[in-house]
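>
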Amino acid sequence: MGKQNSIIIFRYLWTVISALPFFSHAALHFDPEMLSGYNDNIADLSRFEKATQPAGEYSVDIYLNGKFLAAKSLNFTAVQEASSPDEEAKGELRNTSSENASPSHIHDHTGLMACLTKENLIWMGVNVSHFDGLANTPAGKCISPGEYVPQAFTAFDFQKMRLDISIPQAALKRLSNVSIPTEKWDEGITAALFSYQLSGAENRGSFGTTRSNYLNLTSGFNFGPWRLRDNSNWNMYQGNSESRSQWVHQNTYVQRTIIPLKSELTMGDSTTDSDVFDAFSFRGLQISRDDSMYPDTLRGFAPEIHGTAYSNAKVTIREHGNVVYNTYVAAGAFVIDDLFPVSSGGDLEVTVTEANGSVRVFTVPFSSLPVLQRQGHTRFGVTAGRYNRSGYESPAFVQGHLLWGLPHAITAYGGTQIASDYQSIAVGAGINMGNWGALSADITQADSTLSDGSRHDGQSVRFLYARSLLMTGTTFQLAGYRYSTKGFHTFDESALKRMSGWLYDTDSLDASGKPVKEKWSGYYNLYGNKRERIQANISQRIGKFGQLYLSGSRQNYWNDSATATSLQTGFSSAVGHVSYTLSYSYSRMSGQPKADRALYFSLTVPLDVFSPHGSSKDDAHQAWVTYNANRDSEGKLTHQMDISGTALEANNLDWSVSQGYGKQDGNSGDVALGYRGTYGDASVGYGYSADYKQIRYGASGGVVLHSGGITLSEPLGATNILVAAPGASGVPVDNQNGISTDWRGYSVIPYANTYHENRVSLDISRLDNSTDIDDAVDYVVPTKGALVRANFATHSGSRVLMTLTHAGKPLPLGTTVSTSDNSVGMVGEEGQVYLTGLHPQGNIKAKWGLGADQQCAAKYNIEVKSPQPPLILIAETCY
129 MGKQNSIIIF
139 RYLWTVISAL
149 PFFSHAALHF
159 DPEMLSGYND
169 NIADLSRFEK
179 ATQPAGEYSV
189 DIYLNGKFLA
199 AKSLNFTAVQ
209 EASSPDEEAK
219 GELRNTSSEN
229 ASPSHIHDHT
239 GLMACLTKEN
249 LIWMGVNVSH
259 FDGLANTPAG
269 KCISPGEYVP
279 QAFTAFDFQK
289 MRLDISIPQA
299 ALKRLSNVSI
309 PTEKWDEGIT
319 AALFSYQLSG
329 AENRGSFGTT
339 RSNYLNLTSG
349 FNFGPWRLRD
359 NSNWNMYQGN
369 SESRSQWVHQ
379 NTYVQRTIIP
389 LKSELTMGDS
399 TTDSDVFDAF
409 SFRGLQISRD
419 DSMYPDTLRG
429 FAPEIHGTAY
439 SNAKVTIREH
449 GNVVYNTYVA
459 AGAFVIDDLF
469 PVSSGGDLEV
479 TVTEANGSVR
489 VFTVPFSSLP
499 VLQRQGHTRF
509 GVTAGRYNRS
519 GYESPAFVQG
529 HLLWGLPHAI
539 TAYGGTQIAS
549 DYQSIAVGAG
559 INMGNWGALS
569 ADITQADSTL
579 SDGSRHDGQS
589 VRFLYARSLL
599 MTGTTFQLAG
609 YRYSTKGFHT
619 FDESALKRMS
629 GWLYDTDSLD
639 ASGKPVKEKW
649 SGYYNLYGNK
659 RERIQANISQ
669 RIGKFGQLYL
679 SGSRQNYWND
689 SATATSLQTG
699 FSSAVGHVSY
709 TLSYSYSRMS
719 GQPKADRALY
729 FSLTVPLDVF
739 SPHGSSKDDA
749 HQAWVTYNAN
759 RDSEGKLTHQ
769 MDISGTALEA
779 NNLDWSVSQG
789 YGKQDGNSGD
799 VALGYRGTYG
809 DASVGYGYSA
819 DYKQIRYGAS
829 GGVVLHSGGI
839 TLSEPLGATN
849 ILVAAPGASG
859 VPVDNQNGIS
869 TDWRGYSVIP
879 YANTYHENRV
889 SLDISRLDNS
899 TDIDDAVDYV
909 VPTKGALVRA
919 NFATHSGSRV
929 LMTLTHAGKP
939 LPLGTTVSTS
949 DNSVGMVGEE
959 GQVYLTGLHP
969 QGNIKAKWGL
979 GADQQCAAKY
989 NIEVKSPQPP
999 LILIAETCY
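Position in the sequence shown counted from 1, then plus 128, gives you the working numbering.
#1: Along the chain, where does the alpha helix (DSSP H) containing residue 251 start, and where does it finish?
#2: Which residue comes first and which comes last in the beta strand (DSSP E) that contains residue 410?
#3: Got a sec, what are the start and stop residues for the alpha helix (DSSP H) residue 846 sits in?
#4: Residues in the same chain with beta-carbon distance under 7 angstroms from residue 540, minus the five sequence neighbours each way, listed in chain order, please.
#5: Specify the secondary structure class of residue 572 as computed by DSSP and reduced to three states.
#6: Under the assumption that residue 574 contacts residue 552 (Cβ atoms under 8 angstroms), give the Cβ distance between them as a whole number of angstroms.
#7: In chain order, what residues of the same chain lie with their CB nearer than 8 angstroms to the CB of residue 354, ignoring the 5 residues before and after it?
#8: Per the DSSP calculation, residue 910 is bridged to which residue(s)?
#9: Check whether the Cβ of residue 845 sits closer than 8 angstroms to any heavy atom of the ligand FAD, and report yes or no.
#10: Which of the three DSSP states is assigned to residue 996 in this structure?
#11: Tell me the rounded alpha-carbon separation between residue 654 and residue 630.
#12: How about residue 681 and residue 516: are their beta carbons less than 9 angstroms apart?
#13: For residue 924 and residue 938, I'd like the C-alpha separation in whole angstroms.
#14: I need the straight-line Cα distance from residue 298 to residue 277, nearest angstrom please.
#15: Do you know how far the Cα of residue 310 is from the Cα of residue 387?
#16: If you draw a straight line from the C-alpha of residue 258 to the C-alpha of residue 490, how long is it?
#17: Use the C-beta contact count for residue 917: other C-beta atoms within 10 angstroms, 16 or more gives buried, fewer gives exposed.
#18: Report the CB separation of residue 300 from residue 273 in whole angstroms; it is logged as a contact under 8 angstroms.
#19: I'd like to confirm the pairing. Which residues does DSSP put opposite residue 349 in its beta bridges?
#20: Count the other C-beta atoms from every protein chain shown that fall within 10 angstroms of the C-beta of residue 981, then say buried if there are 16 or more, exposed otherwise.
#21: So residue 943 and residue 951 are in contact, right, with Cβ under 8 angstroms, and what is the actual spacing, rounded?
#22: Output the boundary residues of the alpha helix (DSSP H) element that contains residue 948.
#23: Quick one: what's got a C-beta closer than 6 angstroms to residue 187's C-beta in the same chain, skipping five residues either side?
#24: For residue 883, which of helix, strand or coil comes out of DSSP?
#25: Can you tell me whether residue 181 is buried or exposed, with buried defined as 16 or more other CB within 10 angstroms of its CB?
#26: Tell whether a beta-carbon distance below 9 angstroms holds between residue 866 and residue 805.
#27: Would you list the one or two residues that DSSP bridges to residue 234?
#28: Along the chain, where does the beta strand (DSSP E) containing residue 370 start, and where does it finish?
#29: Over what stretch of residues does the alpha helix (DSSP H) that includes residue 621 continue unbroken?
#30: Determine which residues share a DSSP beta bridge with residue 529 and list them.
#31: For the region 848–859 and the region 868–880, state whether three or more C-beta atom pairs, one from each stretch, are separated by less than 8 angstroms.
#32: Is the region 429–445 in contact with the region 386–401, if contact means three or more CB pairs nearer than 8 angstroms?
#33: Please state whether DSSP places residue 420 in a helix, a strand or coil.
#34: At which residues does the beta strand (DSSP E) containing residue 268 begin and terminate?
#35: Please determine, among 734, 268 and 348, the residue with the shortest C-alpha to C-alpha distance to residue 1012.
#36: Who are the near neighbours of residue 724 in its chain, counting only those whose CB is closer than 6 angstroms to its CB and skipping five residues on each side?
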């Protein structure tokens, strides 16, 4: 044995020495006998001599110019099987097997070429039409980008399963046009969806005992691109010898995307767009542009930036010191028109760094308004149907509007409303004026017949303004002024059944069983219609000390001296992790005898600020102390102290305890718990005051019926993701508090990001001993309203370390072993191979060469135990 080891060591040292450059420039040779004392106990390892890998299909992460694109399964062929177009024309076949080398367009030494197609390159944004050889390549043919696109190459990291594709920017279409190709958009699976919110309370006091329950139910059905939705609610009240129960239908509609038009079609009950006219409810049909279908770089408004480069230069754009855009431009004039929408305004700092290192900086001031569109971009909407609102008539109508982005940061817009007793037309324009902010102005002409039969015509003029002053930290987020002549009325007003009254007829009762008072904001009087309205929304940054805000509006009327005034102002700041807010509100509606005023103060302190280690945002469970003080228009002053926080491993249990005191109202208190889980959310609470005691509860969640069965979930969003990992139960979904797969391996992620890539991953560290997942990450791009499926290939079975022998000897090192359960492994030392997902009985095949005498088969049996051990050791003989 010692002699054998000496031979192995000698061979190893000689191999290392012979590899040194001053001894020899010959290619390295890997001697299989180094791994074992006998050459006949080594599989064919020739592919490892040059660090090459076996051809086949691999699941890889694809990166284009360093940016992640997608996770896909791609076929990889041996390099010698691929040839360039010129070599194909000569009938030649490239062969690199004699050298450890790859073609210049493959920057790795795996010996593999990623089998891409022309369609793949189009999907990546390559401008295929600029390269004749590529444009004429047959569909589906296996190619490498560098064979057709100069300076393009691929690099495959086999260990990380990462494929990097480098393509010169000049060969790519504009990023904004290809950021999320429509081919990747997923319309989702066929499914029935239900989302519910249930709440209830029991109140005991001097008024007696009352009970109330409320259920809101949203149901739907998805089929291809079609979405059917229905919203209803149920109210129940018991108390004071009175009992009521009522089921109310809210709306029903069918919706679908129209991808070629970047639009959305809605049929049924919905709400009109508010781009030009005030929004209102209708029953009918509507088609409108959906800006969420556009790439981020084409959404909203951002200015075009013009400049000149003296060489191949780098252009960097910053806002508030943060880099928001980076690109390289050629010498000459350049235009940047795909800037990601920034805030409502500010100064953009543009830095041009030339090839010689010289730097030029200039500033582009801009502001934005809701109507502003990029040059060439349009937004439209067409609606036909009937007005649909309780307390109103239901006149048939047609409405249309259009916003059109023009050169020089100008947007033209307009629209019309046509009904039997109402006709209006509106035209306007908006402009970004740089240092002077953004301004829009429009005028609406309307002819209307009101509920008393009187006819009116008039005009309404509106101005909106926005501006950000970075030097002073002042932002006019929206300042507006509207003036309406005496004869002007909106379509809303023309549909009212009466000339004056309350908009909201209600017979609701409060906790003590008393009728809820009408809100003054719901009162109207068409004899004194609206005249002037001014509004403002201003914020002021005060250095590092905090933020001051002011928001308000004032409305006056024809034939009425009363005004409606609303004002909110406040200051918020933070010192370390301690935050505080001081605010004041004032409200007085037309006809309201007395104004509502309120002064409010709040202070929030993390509990761990009192710990010896100080406050840390990285703590697993946070807890806070909050103090609130409020003084209302009656002069009542109340104080309240809250302690709240989170608990459980996933931070999905919320708790709070509060105690309040008021000189007039006495003591009050409350305690509450809220839980967010895989099968839904639940809450419970108890509160008391001098007048009453209350016990309350809440439950909410979702139910999804799909081809895989029934899945319970948290409350559903408009767009959702079905996680499908059959057989993998109780596995947490990453970055989703409280959400894990159910007993069958399914779960739902609500509120998916539409037309964007959503990364879905599972915490495989929580898998049980009998389950494995091939790839714990999936990517989906849902369309609006879709339920998309994120698939995870799972293997349920045992994890086995199997020792295999053949003809009395361990199987050779490097032998490939496959099972009837589709598990694959490679034999290591002493004939051992690690396999996963094995059933109690099955077959295996082993192969260590090309000859018939270099392969064998065997049957295996695994003793089933409970609990299942993490690793099972067995030995089998291969024949």
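Beta carbons are placed, not taken as given, at the ideal position from N, Cα and C, and that holds for glycine.
All of these numbers come straight from a predicted model, not from anything done at the bench.
The short version:
#1: 246–252
#2: 409–417
#3: First-last for residue 846: undefined, no H or E at that position.
#4: 532, 534 and 557
#5: Residue 572: strand per DSSP, three-state reduction.
#6: Yes, they are in contact, since the Cβ atoms of residue 574 and residue 552 sit about 4 angstroms apart, within 8 angstroms.
#7: 382, 383 and 384
#8: Residue 910 has 314 as its beta-bridge partners, per DSSP.
#9: No copy of the ligand FAD appears in this structure; indeed no ligand is present at all.
#10: coil
#11: 12 angstroms
#12: no
#13: 28 angstroms
#14: 10 angstroms
#15: 8 angstroms
#16: 35 angstroms
#17: buried
#18: No, residue 300 and residue 273 are not in contact; Cβ-Cβ is about 11 angstroms, not under 8 angstroms.
#19: 320 and 356
#20: Counting Cβ neighbours within 10 Å, residue 981 comes out exposed, since fewer than 16 surround it.
#21: In fact, because the Cβ distance is near 14 angstroms, the residues do not count as touching under 8 angstroms.
#22: Note, residue 948: premise wrong, no alpha helix (DSSP H); not H, not E.
#23: 201 and 903
#24: coil
#25: buried
#26: Yes.
#27: 282
#28: 370–386
#29: Boundaries of the alpha helix (DSSP H) around residue 621: 619–622.
#30: Residue 529 is bridged by DSSP to 509 and 543.
#31: yes
#32: no
#33: The three-state reading of DSSP puts residue 420 in helix, counting H, G and I together.
#34: First-last for residue 268: undefined, no H or E at that position.
#35: Lying outside 129 to 1007, the shown extent of the chain, residue 1012 is not represented and no answer is given.
#36: 715 and 761
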